[in-house]
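Here the structure comes first, spelled out in structure tokens, and everything after it is commentary.
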Amino acid sequence: MSAEIVPLIVCGGSGTRLWPASRSSRPKQFLPLLGSASTFQETIRRVSEAGLFAAPVVVTNDQHRFLVADQLQEIGASAEIVLEPEARDSGPAILAGAMVAAARHGEDALVLALAADHFVRDAAGFRDCCAQARAAAAAGSIVTFGVAPDGPSTAYGYIAPGSALAGAARKVERFVEKPDRDTAAGYVEKGYLWNSGNFLFRADALIADYETREPETVEAVRRAVEGRYEDLDFTRLQSEAFRGAAKRSIDYAVMETTKRAAVVPAAFDWSDVGSWNAVRELLPQDGDGNAANGPAIFKDAHGAFVSSDGPLVAVVGLEDVSVIVTGDAVLVARRDDAVGVKALVEDLKASHRKLTEDHLQSFRPWGNYRSLDMGVRHQVKRIVVKPGGRLSLQKHHHRSEHWIVVRGTADVTVAGQVKTLHENESIYIPIGAIHRMENPGKIDLEIIEVQTGSYLGEDDIIRTEDIYNRAAS
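Each residue of the sequence shown is one higher than the last, beginning at 8 in the working numbering.
The following block contains the structure:
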């Protein structure tokens, strides 16, 4: 057995309860909700202690692969990034990650499965809890971390601890689903713990337990892992095989019925950041219980929360409300109504789908762009290209483009001709011309792009060459 624990970070989930900040193209685990770093970055930092942890395995999807790579690079971290061909819930994702860890570190490797969107302030306490769980996990238990409730919450599942096992671990008597408030109060009195949804286990123990319940899923994932291949800096699972895995959460697939379940009481603070109210509780509050992430002012307000990515928000005479402001949407809701926000997002998928999928600012492997203005036949974008970044060689059937450099240097290819542009210089790209832009400099390249034409959608991009392997799209 390897001396080090292999962190397995699962980056699934869309975070609909945190709309409009969280959207499918950039969900909550990649947002700086509680400081300058995202919860994904903070999770990676928590498992970066040499000697205790090996290099992480991150399981994500094709859409977020470059976002994961960029956020790792921002904090100077590295990981094996494994791409699911499609979402099959947390069960197959954790199973695949365990198999990848076993292939690299041995079948008895200790694997720590963590959600990317949870928040822990006490990193040292978290690491100490992992160390306390090692003995039970090495002996074959699947150890979860149970959080001592600070009240009868209905937002979490509960764990009934049983007899003592190795170290600080105790056998799990039973898991119970999210209860009503009266039942939750009874659980708290009996010493039940919240189920944090994070696990430490031996790779072969989890695989064997999963196989007793869903052998077809284990075989499908095993074939997907055996057929994995490298694509740039990513590991892609074999698509056809992985789609044979049953869509199931790890709780339903294993934890709620396994005889191996154990729990270690967590001595660290923990939040799944599952609602705007949860974000508020993690931020400093004034004397009236108001909190803000962004510019805000409160007058005669109590228990209010504001998140704004720009405009000043003034809340007057209101209680227990959340006001969330982004560049293209505003949410005003009861502070505790996370279920209502989730239902709203489902309605929006039918009426305003783009507002549930994309932000005004979109991220690409070469940098990002932000839509500044859009009309029937025009769109204005601010584009930022990282040093060394290169857009695909492409053309458009329905639009022309005009690029103006406002910062940095651009090497621009149009119809086979290469031209270098500096600040305040511009170039015109006619409809149908094959073109590309790249940043040869050492600072960000910023340009303003003006598009004109009969159709301005992102799917009017025909790539003929791409260093990020996107030409097929």
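C-beta: ideal position from N, C-alpha, C; glycine also.
Expected contact under 8 angstroms - CB spacing of residue i and residue j to nearest Å
i, j, result
"V270", "A210", "Not really, about 20 angstroms apart at Cβ, beyond 8 angstroms."
"R72", "L59", "Not really, about 27 angstroms apart at Cβ, beyond 8 angstroms."
"V17", "V66", "5 angstroms"
"S97", "G22", "S97 to G22, Cβ: 14 angstroms. No contact."
"G415", "G396", "With a Cβ gap of about 11 angstroms, G415 and G396 do not count as contacting."
"G147", "A212", "5 angstroms"
"D279", "D157", "About 14 angstroms; that fails the 8 angstroms criterion."
"F249", "V225", "Actually they are not in contact, since the Cβ atoms of F249 and V225 sit about 12 angstroms apart, beyond 8 angstroms."
"S329", "A340", "5 angstroms"
"D216", "T265", "5 angstroms"
"I12", "L119", "5 angstroms"
"A28", "T333", "6 angstroms"
"A109", "P159", "Actually they are not in contact, since the Cβ atoms of A109 and P159 sit about 40 angstroms apart, beyond 8 angstroms."
"P186", "V179", "Not really, about 17 angstroms apart at Cβ, beyond 8 angstroms."
"V392", "L463", "No, V392 and L463 are not in contact; Cβ-Cβ is about 20 angstroms, not under 8 angstroms."
"I438", "R470", "At roughly 16 angstroms, the Cβ-Cβ gap does not stay under 8 angstroms, so I438 and R470 are not in contact."
"Q136", "A273", "Reading off the sequence, residue 136 comes out as Cys, not Gln. Right, their Cβ atoms sit about 5 angstroms apart."
"Y163", "N202", "6 angstroms"
Per DSSP, the bridge partner or partners of residue i
i, result
"I101", "Answer by DSSP bridge pairing: none, since I101 is not bridged."
"Y481", "A query on residue 481 cannot be resolved here, the shown segment of the chain reaching from 8 to 480 and no further."
"T67", "L90"
"S433", "I411"
"T420", "V425, R443"
"A298", "F312"
"S278", "F126"
"G460", "R406"
"R30", "R33"
"E453", "V391, R414"
"L117", "R209"
"F60", "I12"
Boundaries (first-last residue) of the beta strand (DSSP E) holding residue i
i, result
"Q245", "It is not in any beta strand (DSSP E) - Q245 carries neither H nor E in the DSSP assignment."
"P14", "13 to 17"
"A321", "320 to 323"
"R24", "That residue, R24, is in no beta strand (DSSP E); it is neither H nor E in DSSP."
"F305", "303 to 306"
"E472", "469 to 472"
"S329", "328 to 332"
"Y236", "236 to 238"
Proximity to residue i [Cα-Cα], best of the options
i, options, result
"K426", "G439, N446, T265", "N446"
"R181", "R188, D187, G198, R220", "G198"
"Q424", "L102, K356, H442", "H442"
"R111", "A142, P14, R384", "P14"
"D307", "R33, Y163, S246, D295", "D295"
"V154", "D276, P437, S399", "D276"
"M262", "E223, V313, I149, N300", "I149"
"L355", "Q292, W26, A321, R188", "W26"
"I88", "A62, G113, P99", "A62"
"P318", "F312, A303, H309, H405", "A303"
"A84", "L102, V54, G132", "V54"
"V323", "K388, I331, V332, A311", "A311"
"V346", "G281, I166, E223", "G281"
"G448", "L463, V457, E430, E456", "E430"
"S45", "A357, Q70, D77", "D77"
"T161", "A173, V183, A103", "V183"
"K349", "I12, E11, R24", "R24"
"K402", "A478, E453, L428, D344", "A478"
"P34", "E11, A252, A122", "A122"
"P483", "E247, G251, Y165, D293", "Because the chain in this structure spans residues 8 to 480, residue 483 falls outside the shown range and cannot be described."
"A440", "A144, A422, V195, C137", "A422"
"A253", "A145, I411, L428, A94", "A94"
"L398", "V107, T219, P372", "P372"
"V286", "T363, L325, L40, Q36", "L40"
"S461", "L102, L325, Q386, V64", "Q386"
"A86", "I51, D327, V320", "I51"
Unbroken alpha helix (DSSP H) run spanning residue i, endpoints
i, result
"Q78", "72 to 81"
"A273", "Run containing A273: none in the alpha helix (DSSP H); it sits in the beta strand (DSSP E), 268 to 273."
"E226", "222 to 233"
"A285", "283 to 288"
"Q48", "46 to 53"
heavy atom of the ligand MN below 7 angstroms from residue i C-beta
i, result
"L40", "In terms of ligand content, the structure shown is empty, and the ligand MN therefore cannot be addressed."
Cutoff 8 angstroms: residue i Cβ touching any chain B Cβ
i, result
"G317", "In the displayed structure, chain B is absent; only one protein chain is listed."
Legend entry - Segments of 4+ residues assigned as alpha helix (DSSP H) that fall wholly inside the region 336 to 412: Runs found: 345 to 358, 360 to 364.
Inset, instruction - Give, in chain order, every unbroken run of the alpha helix (DSSP H) that is at least 4 residues long and sits entirely within the region 141 to 218. - result: Along the region 141 to 218, the alpha helix (DSSP H) occurs as fully enclosed runs of 4 or more residues at 188 to 196, listed in sequence order.
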